[in-house]
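For reference, the structure is listed below as structure tokens.
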Amino acid sequence: MNILEVNHLKKYYRSPFLRKRVRAVEDISFAVKQGEIFGLLGPNGAGKTTTLKSIVGLLKPDGGEIRLFGRPLDISRRERIGFLPENPYFYRHLTGYELLSFYAHLFNKHITAKKIKEILEMVGLEHAMHRKVGSYSKGMLQRVGFAQAILNDPDFIILDEPMSGLDPIGRKEMKDWIFKLKSEGKTILFSSHILPDVEMICDRVAIIYRGRVVSTGVLSEILQEKVRFIEVTIEGLDEKTLETFGKVFRSGDKLMLRLTSEEEKDRLVSFVIEKGGRIISVAPYRKTLEEHFMETLEAQ
Amino acid sequence: MKSILGIGINTFKEGLRDKTLLSVSISGFLLIAASRILVPISIGESYRVITDFGLALVEVFSVLLTIFIGTRILYDEIERKTIYTVVTKPVRISEFLIGKLFGLTLLVFSIQFLLFLTIFLFSKIYLHFVFWRVFVWFFFLFFEMLILNGVAILLSTFTTPITSGLISMLIYIIANTSNYLKELSQMVKLPIFTYIANFLYYFLPNFTLTNVKTEILYNLPIDKGLYLFAPSYSIMYVVFLLTIATMLFEKREFY
Chain A
9 MNILEVNHLK
19 KYYRSPFLRK
29 RVRAVEDISF
39 AVKQGEIFGL
49 LGPNGAGKTT
59 TLKSIVGLLK
69 PDGGEIRLFG
79 RPLDISRRER
89 IGFLPENPYF
99 YRHLTGYELL
109 SFYAHLFNKH
119 ITAKKIKEIL
129 EMVGLEHAMH
139 RKVGSYSKGM
149 LQRVGFAQAI
159 LNDPDFIILD
169 EPMSGLDPIG
179 RKEMKDWIFK
189 LKSEGKTILF
199 SSHILPDVEM
209 ICDRVAIIYR
219 GRVVSTGVLS
229 EILQEKVRFI
239 EVTIEGLDEK
249 TLETFGKVFR
259 SGDKLMLRLT
269 SEEEKDRLVS
279 FVIEKGGRII
289 SVAPYRKTLE
299 EHFMETLEAQ
Chain B
742 MKSILGIGIN
752 TFKEGLRDKT
762 LLSVSISGFL
772 LIAASRILVP
782 ISIGESYRVI
792 TDFGLALVEV
802 FSVLLTIFIG
812 TRILYDEIER
822 KTIYTVVTKP
832 VRISEFLIGK
842 LFGLTLLVFS
852 IQFLLFLTIF
862 LFSKIYLHFV
872 FWRVFVWFFF
882 LFFEMLILNG
892 VAILLSTFTT
902 PITSGLISML
912 IYIIANTSNY
922 LKELSQMVKL
932 PIFTYIANFL
942 YYFLPNFTLT
952 NVKTEILYNL
962 PIDKGLYLFA
972 PSYSIMYVVF
982 LLTIATMLFE
992 KREFY
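If you read the sequences in order, they're chains A and B.
For what it's worth, my numbering labels the leading residue of the first sequence as 9, then goes sequentially.
For what it's worth, my numbering labels the leading residue of the second sequence as 742, then goes sequentially.
Okay, structure coming up:
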């Protein structure tokens, strides 16, 4: 079941002085399935934030269709979604606890003080919950932003650049929270330009470039499309015996070869066994998301 | 209702921290206190002079507060992007605007009340005179300011604080001179002037209908119907203003 469907989304801006139409999003289509972590990838200015803002209703699309839980976005759908904007800004005069209490008032469901405290503890702000948000660091703002996004126990959570401004520990924690939400059956859509983060946590991705989706699919499938090389580590033979298979690298008493096809690898393995050598490891080196991303962009 | 209350209280708290509020309020209290210098020159009419001066000050400072804070109330939400995490929650735009109006009204009401209390205590301590009728005027001024708050909120849905501040001030002046406008339009025989004056008279708020300052100062009877008319007129006018504000704000996008 699709939680979100975006079909041929279009959005244009008007330049401030000449009122010239500027493209923000030209043709974005993708769907997010229930229970998955879906990543929107793209360089700055690709249209990720515009897409997310259109989904949550901050922007009005100029074309296309957005369906949330099978219907267009309306007030009742908002009860079931959580949203963390990019570089979130909050009321500086409130404390972290007061801020979440304020947001709790905006939902029809009753959110208890206990629940607010639990969420603040979960995001590591229990020590700062009675401090003014105006005194929070960027990382703390991101944490409180994540806390308000999950306050209503939403089914679908939209996070715009959630790792932005976080230190390595914070990023690790953010990933853990996202995995925890997934394990609870939540669906997560997030945008990022930090490829290793996406690679680590996303089930599926859509790569956006200049307002269009240029590639979409299951991450493991995208990356398995092409194996760059297979590294075979061998023991008990010398370089000369193996040089017919290509360049041989030595590391201590082990030898390594990089082969470009499965057939070559099979031939080498048979040859080593026949010559009395030992295969230590066979490791296929697949394309990284970064390489796929760059190749896709270059192809555009 | 829960969301309106939440937004209202948050707006009130935010307003309390506004430096403009502090400076305008302190100036108001100081000026009321300074009105003591009028006592020696008021020739036996000191309570009336002081009260008249005090009431005028309260009105001026209430208008200033409404204009300085009210016209920025939505602009700041948009500029600071705090609105992103509010309108993406299950909150209707109308609820958001009613909440903002509630918070602003609560803020202006609180300061107004403190200023009135200052006048009351001042006249009791220095003039040994308990002038209860200032609270009657407080009642009427509250409903005037409610309309002006609504005007400020409406204008801030589509203009900058400076523009909406100037227009709010202009509307306040017209609202206090509506009767003169009507009379003037009957005196001047220019059709275009009559048309504009009639439009302003009927379309813009009319504070002259509920202005009872003279009756209060000279202890004259006040038409009892006004006690019902002032809140009814004010609430209906605010509903009209918020309806337009909602229609305009719903069209807004948040880049």
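We put the CB at the ideal spot given by N, CA and C, even for glycine.
Minimum Cβ-Cβ distance from residue i to chain A less than 8 Å
i, result
"F809 (chain B)", "no"
"T826 (chain B)", "yes"
"N920 (chain B)", "no"
"T904 (chain B)", "no"
"L746 (chain B)", "yes"
"V929 (chain B)", "no"
"P831 (chain B)", "yes"
"R813 (chain B)", "no"
"R874 (chain B)", "no"
"R789 (chain B)", "no"
Cα-Cα separation between residue i and residue j, rounded to whole angstroms
i, j, result
"R212 (chain A)", "K830 (chain B)", "27 Å"
"T58 (chain A)", "E87 (chain A)", "22 Å"
"V799 (chain B)", "L856 (chain B)", "6 Å"
"L862 (chain B)", "V877 (chain B)", "16 Å"
"K967 (chain B)", "F770 (chain B)", "The amino acid occupying residue 967 (chain B) in the given sequence is Leu; Lys does not appear at that position. Going from the Cα of L967 (chain B) to the Cα of F770 (chain B) covers about 29 Å."
"P80 (chain A)", "I963 (chain B)", "55 Å"
"K146 (chain A)", "L982 (chain B)", "39 Å"
"E207 (chain A)", "Y111 (chain A)", "32 Å"
"I288 (chain A)", "E229 (chain A)", "27 Å"
"Y97 (chain A)", "T823 (chain B)", "5 Å"
"L227 (chain A)", "A54 (chain A)", "20 Å"
"L868 (chain B)", "L961 (chain B)", "21 Å"
"G225 (chain A)", "G71 (chain A)", "24 Å"
"L48 (chain A)", "T195 (chain A)", "14 Å"
"F854 (chain B)", "I957 (chain B)", "17 Å"
"R236 (chain A)", "P292 (chain A)", "8 Å"
"S259 (chain A)", "S278 (chain A)", "22 Å"
Residue span of the beta strand (DSSP E) that contains residue i, given as start and end
i, result
"E13 (chain A)", "N10 to R22"
"F332 (chain A)", "The structure shown does not extend to residue 332 (chain A), since chain A is modelled only from 9 to 308, so the question has no answer here."
"F38 (chain A)", "R29 to K41"
"R266 (chain A)", "K262 to L267"
Exposed unless 16 or more other CB atoms sit within 10 angstroms - verdict on residue i
i, result
"F940 (chain B)", "exposed"
"P69 (chain A)", "buried"
"M742 (chain B)", "exposed"
"L969 (chain B)", "exposed"
"E994 (chain B)", "exposed"
"M137 (chain A)", "buried"
"P170 (chain A)", "buried"
"R925 (chain B)", "Note that residue 925 (chain B) is Leu in the sequence shown, not Arg. The residue is exposed, with fewer than 16 neighbouring Cβ atoms inside 10 Å."
"Y974 (chain B)", "buried"
Residue i at chain B interface by Cβ criterion, 8 Å
i, result
"H138 (chain A)", "no"
"F110 (chain A)", "yes"
"L149 (chain A)", "no"
"R22 (chain A)", "no"
"F115 (chain A)", "yes"
Start and end residues, alpha helix (DSSP H) containing residue i
i, result
"L856 (chain B)", "I834 to Y867"
"I957 (chain B)", "K954 to L958"
"G769 (chain B)", "K760 to A775"
Cβ-heavy atom distance, residue i to the ligand MG, below 7 Å
i, result
"P972 (chain B)", "What this structure holds is no ligand at all, so the ligand MG is not there to describe."
**Asked** Three or more C-beta pairs closer than 8 Å, one from the stretch 154–170 of chain A and one from the stretch 69–88 of chain A: is that the case here?
**Response** yes
**Prompt:** Does the stretch 816–827 of chain B come close enough to the stretch 908–918 of chain B to have 3 or more Cβ pairs within less than 8 Å?
**Reply:** no
**Asked** Touching or not, the stretch 10–29 of chain A and the stretch 169–180 of chain A, by the rule of three or more beta carbon pairs under 8 Å?
**Response** no
**Asked** Would you say the stretch 258–265 of chain A touches the stretch 236–244 of chain A, given that touching needs at least three Cβ pairs under 8 Å?
**Response** yes
**Prompt:** So, do the stretch 752–762 of chain B and the stretch 126–145 of chain A have three or more beta carbon pairs nearer to each other than 8 Å?
**Reply:** Note that the stretch 752–762 of chain B does not touch the stretch 126–145 of chain A; fewer than 3 beta-carbon pairs, one per stretch, sit closer than 8 Å.
**Prompt:** Quick one: any contact between the stretch 911–923 of chain B and the stretch 946–955 of chain B, if contact means 3 or more CB pairs under 8 Å?
**Reply:** Contact between the stretch 911–923 of chain B and the stretch 946–955 of chain B is present, because at least three Cβ pairs lie under 8 Å.
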